Amino acid sequence: MTRPLVAASAGILMAAVTLLHGQQPPPRVDAAALAGATARPQDWLSYGRTYDEQRFSPLTQVNDGNVSRLGLAWSFDTQTDRGLEATPLVVDGVMYATGSWSVVYAIDAASGRELWKYDPEVHRKYDALACCDVVNRGAAFHEGRVYVGVLDGRLVALDAKSGKVAWQTATVDQAQPYTITGAPRVVKGKIIIGNGGAEYGVRGFVSAYDAGTGKLAWRFYTVPGDPSKPQESKALERALPTWEGSDWWKYGGGGTVWDSIVFDPELNLLYVGTGNGSVWSRHLRSPGGGDNLYLASILAINPDNGELVWHYQTVPGDTWDYTAVQPMMLAELTIGGRARKVLMQAPKNGFFYVLDRATGELLSADPYVTVTWASHVDLETGRPVEIPGADYATKGAYIRPGPLGGHNWQAMSYSPITGLVYLPAQDNGRYFEQPDTFEFKPLEYNLGLATVGRNVERFDIPSAGRLLAWDPVARRPRWTVEYGNYWNGGTLATAGNLVFQGTAAGEFYAYRATDGAKLWSAWAGTGIVAPPITYEREGRQYVSVMAGWGGAFARRARTTGRLLTFVLDGKAPLPPRPRPRPATVIASGARPEEIAAGAKLYATHCQRCHGGATVLPDLRTSSPAIYGSYEKILIDGALAERGMPRFEYLDGAAVAALRAYVLDERRKLAGQP
Ligand code: CA
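Note that the sequence shown ends on residue 673 in the working numbering; no numbers are left out.
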């Protein structure tokens, strides 16, 4: 039913593109250019390309008929070994990408040549204060300047030509454990920036700064402060009675705005997503209950004065780290025969939400992965219906999705041609249990949960990642692509009937947007978590992605980061695809039953990190001495400093079985029958 409308608007879009993509010098990137970014398909002007953040490109030179000819145009080595999560920007042939430690790179978008590099020289103590790696998700561009949020809480304006600092300001109290990893957005001459840190105990807020001067224009706190003092806004006065007890504000409260910020210029509304509570456990944070506004919420804010217009809370009284900061996108959908301006989000909690973005009315909420904390969302009240016991009030509970979320910051995309949302989804879980005692420790990791080893490993946890083509009108997936690993990359949709996505295992794929047929792939040399972009330069369409394994899932994995850019008939050499082949076979003397037991243990405990073959070490090709150290590594945590977790609940027999299985696999890899 939506098809004719969508097809017609796509047609108009293409006509506008043809008209405007002309010979005259490119217009400056001001408020009007950002609002009209659809008309500049050769560029990628802001985080989600256009203000609606659909990550849909009208470019068609690379399409489902010729994508098999896609080859590497150039590769840019970031010389880093931490996670790369950024969406690069492209403005008039210059790419602005951000990397580990908030470093900014300006690169010639056609050749890959570095033009300048800016290093904010973040103090390395922030490695311990960033929950989820020293990553950065991107910059913003406006009027000849590049804006970046720095891990230590600074907002920096750089001259786009030289990379020199125009101004910088601390957006947070730097004595507190705040960090910035998200991309700033530019809205009507203001730079909007949030922050993170709710696992360490901070109070969330979002700020607006004057783009020209760096002066603070407004700030909106997402949770109340000290209840004995006046609150900063009427919205917070309304929120205060939803918090119980006397200690929550000493824990910061949480609700940090660490990722999604989206602007609708027509409605003049700024949408921000807020994070989990600090501490995680609702029973410690707000004993006696309460919704704890505005945790885990989508907020619509007036961008001129920072006042709250409406809110929708996805998880009242969050107790599972169910942030609602995940990427939001704006679209026009025909729902029930009526055209609606919607906002779509697939937050960590496993439900795909469609809201009327003018009013905040909930239109639909459907599970897109396995969900065990709520049976459904009541569309009348807009509230989730919790499953009894899920809140682990008296007894520990194993809950899905886990804190990595059914979907995290890895951006989704939407094609107005297919009407599908391309969502990097994942199944995972975690065990939650109340601690016997709790003491809040400033500047430390405070979850308010019992520490039971690596809880997440204690149970047989089926985990998987997949690309989900979600139909937001029919409220179900149209097609899926399953991956062995989860924590895969964000997506890009194009009018060439393509969807691009990189994976944790280091493959970069192109799929047909209509049915998910795999059309092309390239080896990136390391796991990909970032979303790809596409742009055009001198008549050629390029597709770029940052490849650098890391982030919350595997923050200390050792990889080499790079920015890969592809073009039709590109001939640059891809990173060499390793062909592991152990030189020696080591006899284990194990019985078949022991090897089979080891295979089960491997699938539960090792596969999801080491199964990517080359993202983390392939256990089959270790140097022989390693196999004798399995007890020390697995039970005692000998390599914990290098990011290899302890599995202290495994016993000697389990470790021996694991070793037997790995050695048997090594024998097979060496070509022995
Ligand atoms: Ca969190």
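Here a beta-carbon is modelled for each residue, glycine too, at the ideal position from N, C-alpha and C.
Predicted, not measured: the structure shown is a model, and the values here were computed from it.
Check	Outcome
Val369 vs Gly406 beta-carbon contact at 7 Å	yes
beta-carbon Asn268 near ligand 1 non-hydrogen atom, thresh 6 Å	no
Gln231, DSSP secondary structure in three states	coil
Spatial distance of Tyr294 from Pro578 (CA atoms)	48 Å
DSSP three-state assignment for Val272, whether helix, strand or coil	strand
The beta strand (DSSP E) enclosing His142, as first and last residue numbers	140-142
Length of the line joining the Cα atoms of Arg476 and Gln61	31 Å
Whole-angstrom distance between Pro230 and Trp409, CA atom to CA atom	34 Å
Same chain only: Cβ atoms within 6 Å of Gly99, ignoring 5 sequence neighbours per side	Thr78, Thr80, Leu84
Cross-strand partners of Gly71 (DSSP beta bridge)	Val567
Start and end residues, beta strand (DSSP E) containing Glu386	384-386
Three CB pairs or more closer than 8 Å across the region 284-294 and the region 310-329	yes
Exposed unless 16 or more other CB atoms sit within 10 angstroms - verdict on Val122	buried
Ala349 beta carbon near ligand 1 (any heavy atom closer than 6 Å)	The question names Ala, but residue 349 is Asn in the sequence shown. No, Cβ of Asn349 sits at least 6 Å from all heavy atoms of ligand 1.
Meets three-Cβ-pair contact criterion under 8 Å: the region 413-422 and the region 437-446	no
Residue closest to Arg113, alpha-carbon to alpha-carbon, out of Trp74, Arg357, Val146	Trp74
At least three beta-carbon pairs within less than 8 Å, the region 323-332 to the region 341-353	yes
C-alpha gap between Lys571 and Tyr147, whole angstroms	34 Å
Whole-angstrom distance between Ile191 and Ala33, CA atom to CA atom	15 Å
Segment contact, 8 Å Cβ cut-off, at least three pairs: the region 236-245 with the region 164-179	no
Secondary structure, alpha helix (DSSP H): runs of 4+ residues fully inside the region 471-543	none
Whether Gly253 touches Arg203 by CB criterion (7 Å)	yes
Any non-hydrogen atom of ligand 1 within 6 Å of Asp321 CB	yes
As assigned by DSSP and simplified to three states, the class of Trp101	helix
Closer than 6 Å: Gly276 CB and nearest ligand 1 heavy atom	In the sequence under discussion, the amino acid at residue 276 is Asn, which differs from the Gly named in the question. True, at least one ligand heavy atom lies under 6 Å from that Cβ.
Ala31 versus Arg219 - alpha carbon distance	21 Å
Of the listed residues Arg124, Leu89, Val135, Asp108, nearest to Gly548 (C-alpha basis)	Val135
Own chain, CB closer than 7 Å to Gly288, minus 5 neighbours either side, in chain order	Glu244, Gly245
CB contact flag (Ala513, Ala493, <7 Å)	yes
Per-residue burial, Phe263 [other beta carbons within 10 Å of its own, 16 or more giving buried]	buried
From Arg185, Glu665, Ala597, residue whose alpha carbon lies closest to that of Leu650	Ala597
Buried versus exposed call for Asn268 [16 or more other C-beta atoms within 10 Å across all chains shown]	exposed
Cβ-based burial, Gln54 [other Cβ within 10 Å; buried from 16]	buried
Proximity of Ala324 and Ile298 at Cβ, strictly below 7 Å	yes
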